[in-house]
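Here the structure is laid out as structure tokens; the discussion comes afterwards.
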Amino acid sequence: MLASIVIYFHSSRVSNLFQQLRFLQKNEPCELYQIILICQDEIELVVEGFHDVKLICLGMLDYKKPFMCNTGVHLAESENIVLLDCDRILPKDYIRSNVLSLEDNTAITST
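Sequential numbering of the sequence shown, starting at 1147, is according to my numbering.
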């Protein structure tokens, strides 16, 4: 596995999450990446067609983004971890180029 992709999600952005998951499914080979989706409420219907997504529901408590990210990082199976907000619009090779940067020790960050 090349990397774990951790996506943190709030229920107000369901359509954005669906688009992001479709993009990842279409452009990134699922056997190379682990996708972990951290959310605060039940959204099984959104991820129903995405079989390779590990869904972690924290419940309706008001968890902040750092806690959600840390939970995803703790569950990641790869040393290479890509953190994504659920409404991030990604260029086609975003994940692959980030992983290559991590492996070459030229890691980059973006905000």
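Heads up, the beta-carbon is just placed ideally off N, CA and C, and yes, glycines get one too. Remember, predicted model here, so these are calculated numbers, not experimental data.
The beta-carbon separation of Phe1169 and Leu1236, rounded to 6 Å, stays under the 8 Å limit for a contact. As DSSP reads the structure, Ser1150 sits in a beta bridge with Gln1180 and Ile1227.
In this structure Gly1218 is buried. Its beta-carbon is surrounded by 16 or more other beta-carbon atoms within 10 angstroms. In this structure, DSSP gives Ile1241 a helical state, which the three-state scheme calls helix. Exclusion of the five residues before and after His1197 leaves no residue of its chain whose Cβ lies closer than 6 Å to its Cβ.
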